[in-house]
Amino acid sequence: MIKFGVPRIYILLTGLGLLWAGILTYKYVHFGFYDWDLAFFNQSMWNLLRGRQYSSLFGYNFFGDHASFLALALLPVYALSQTALTLLYIKVTAFILAMYWLYKIAKEDLGESVALVVVLIFAVFPANMFSMLYEFNMECFAPLFIFMMFWAHRKENLRFFWIAAVLLFLTKENLTLIIVTFGLYSLFLRRKPLWSILPILVGVFMLLGSMYAVKCIRGEAGVSAVLRYQHLFVSPAGFLRSLFSVDNLVFAKDLFGPFLVPLMFFPAALFIGAPIFFQHALSIHATEHSILFFYGFAMTPFIFMAFIHFLCWVRKRFNAITFKIILIFIVLSIFMSIAKWQGDLYAAMPHFSNKGIEIRNQFLAKIPSDAKVVASFDFLARLSSRQYLYPFYKVYSNDFQQPQLVKSNLFAMGKIFVLPGDVEYAIIDFNERWYVNAPKEKIQYVTAFLKGGWVLLDQRGSLTLFVRSFKK
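When the letters of the sequence shown are read in order and numbered with my numbering, they come out as residues 30 to 501.
Take a look at the structure:
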């Protein structure tokens, strides 16, 4: 406790919360989100409030993507301010609450001061920082519910365990397997059936039930969960090749960093998190082999549970000075790893000039709030509180225009993308990184697009604002 009686953890978490809220607000206001996840979730939440689950951004139903039914529970909060910024603040809140439960676990084993250090390391752990900087995804709740389950499991608080387990299930269908592995771990510990057999049975039922629910809800406007995870069902030889590929070895080094050794001191944490680790190790998607996106959120809780057990082992076997030296060494190692990622951290932030931000805001002001719009990536989040919004990326990307690539593109739903004829506005940055790096075929696609009755409303450098001739 500090002198005026406020627990230090509250001071730390408040500071971290304000810091992250400030960073993400700055990124949002300065058009710093360069993908479509934040826009997709915001448009979906906006539509759900109005009784619709279809998202024009992805071209299918929200619950046809993942069984993220927790979104329904967030609607009352989202209704207070229906913008993408609200989702970012929700993500910050979930992250802060996760660190509070991590603190409760660490404090019990290591004392308050060391627990505060563990929380601080968790806050600056590279995989967590990239997860915070990257858009929005429902997996931002994973650390909170996983830590709650670990706390309830060690306290043998069955009711609280099941509350956390159900919340985790409602977050995303693949996370349900963590409930199963918790049950298997409890079976190893010879706990009663309510801790062991029941989580296994209920977890499997929840997984199959959620996959079936997605299939029923999506109709023809969604992604089959079987198709999404079919890459996990491989031959034994293929499993080993994928597991020990160069990409996975690099991914493991990036994800675990200095914690590769501490992980060995609590193999149960690795076992409980194994479904998520294997999902990424066996994935055919390159993004799932990188910490630069949101995927770290579902894995770092297991890393830090192992870290706590490692520190307990060190404290029991060495004197206080040696313990402090090892802890300081780990902290320094973390900050050295952050230095390694400084280029990627810099790239994750916006870099438009003040004049560029002003022009972008002027362009947005010319678009009615209910208009149907097609836009470049960095405009999507700001425009997503509307029923009809389309990514310009689908207009020029081979993944959505070439028949062979469309067949293998999960998000294309087997159909070449055709922009609806009633879209009224197009706001495009021809210097956008995605467009600049796209193959040369983009020229023919954009040429065909511009012949669709578009009239130039305004242009400043690479920024262009078009309106359909029927609208003008």
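The beta-carbon is built from N, C-alpha and C at its ideal position, and this holds for glycine as well.
Continuous beta strand (DSSP E) stretch holding residue i: start and end
i, result
"residue 295", "Element bounds for residue 295: n/a, residue is neither H nor E."
Residue i to residue j span [Cα, whole Å]
i, j, result
"residue 402", "residue 434", "25 Å"
"residue 453", "residue 333", "50 Å"
"residue 224", "residue 346", "32 Å"
"residue 210", "residue 204", "10 Å"
"residue 251", "residue 240", "At residue 251, the pLDDT of 47 sits below 50, so the modelled position is not reliable; the number obtained from the coordinates is stated separately. So the two alpha carbons sit approximately 12 Å from each other."
"residue 121", "residue 493", "34 Å"
"residue 174", "residue 127", "8 Å"
"residue 358", "residue 195", "38 Å"
"residue 307", "residue 168", "17 Å"
"residue 370", "residue 177", "30 Å"
"residue 302", "residue 475", "45 Å"
"residue 31", "residue 37", "Any answer about residue 31 is weak, because its pLDDT of 47 lies below 50 and its placement is not dependable; what the coordinates show is given next. Near 7 Å, if we compare the C-alpha coordinates of residue 37 and residue 31."
"residue 51", "residue 230", "43 Å"
"residue 481", "residue 449", "10 Å"
"residue 188", "residue 180", "12 Å"
"residue 80", "residue 104", "11 Å"
"residue 383", "residue 390", "11 Å"
"residue 439", "residue 428", "10 Å"
"residue 42", "residue 129", "8 Å"
"residue 290", "residue 40", "31 Å"
Proximity to residue i [Cα-Cα], best of the options
i, options, result
"residue 88", "460, 72, 102, 376", "72"
"residue 461", "51, 35, 41, 62", "62"
"residue 60", "412, 479, 495, 439", "412"
"residue 441", "422, 458, 320", "422"
"residue 101", "70, 123, 114", "70"
"residue 339", "287, 428, 303, 364", "287"
"residue 106", "77, 362, 377", "77"
"residue 377", "43, 55, 41", "55"
"residue 319", "350, 344, 299, 285", "285"
"residue 116", "150, 93, 141, 53", "53"
"residue 28", "362, 321, 299", "Given that the chain is displayed from residue 30 to residue 501, the structure contains no residue 28 and the question cannot be resolved."
"residue 396", "130, 379, 146, 495", "495"
"residue 299", "463, 331, 276, 291", "331"
"residue 49", "118, 99, 141, 40", "118"
Run of the alpha helix (DSSP H) containing residue i, from where it starts to where it stops
i, result
"residue 432", "432-437"
"residue 487", "It is not in any alpha helix (DSSP H) - residue 487 instead sits in the beta strand (DSSP E) that spans 483-489."
"residue 71", "66-77"
"residue 341", "329-346"
"residue 320", "Counting along the chain, residue 320 falls outside any alpha helix (DSSP H), and DSSP gives it neither H nor E."
"residue 50", "37-58"
"residue 115", "113-139"
"residue 309", "303-310"
"residue 476", "471-479"
"residue 209", "205-217"
"residue 384", "383-394"
"residue 188", "187-200"
"residue 274", "Careful: residue 274 lies outside any alpha helix (DSSP H) and carries neither H nor E."
"residue 358", "349-369"
"residue 184", "171-184"
DSSP beta-bridge partners of residue i
i, result
"residue 455", "403, 495"
"residue 84", "89"
"residue 419", "403"
Beta-carbon gap between residue i and residue j smaller than 7 Å
i, j, result
"residue 323", "residue 160", "yes"
"residue 66", "residue 165", "yes"
"residue 157", "residue 316", "no"
"residue 502", "residue 144", "Residue numbering for the chain in the displayed model covers 30 to 501; residue 502 lies beyond these limits and cannot be assessed."
"residue 341", "residue 138", "yes"
"residue 208", "residue 222", "no"
"residue 418", "residue 86", "yes"
"residue 305", "residue 335", "no"
"residue 272", "residue 297", "no"
"residue 398", "residue 75", "no"
"residue 408", "residue 456", "yes"
"residue 235", "residue 198", "yes"
"residue 95", "residue 201", "yes"
"residue 366", "residue 155", "yes"
"residue 108", "residue 410", "no"
"residue 163", "residue 148", "no"
"residue 388", "residue 489", "yes"
"residue 238", "residue 125", "no"
"residue 91", "residue 84", "yes"
"residue 182", "residue 190", "yes"
"residue 150", "residue 363", "yes"
"residue 425", "residue 471", "yes"
Chain D within 7 Å of residue i, Cβ atoms only
i, result
"residue 159", "Annotation note: the requested chain D is absent from the structure, which comprises a single protein chain."
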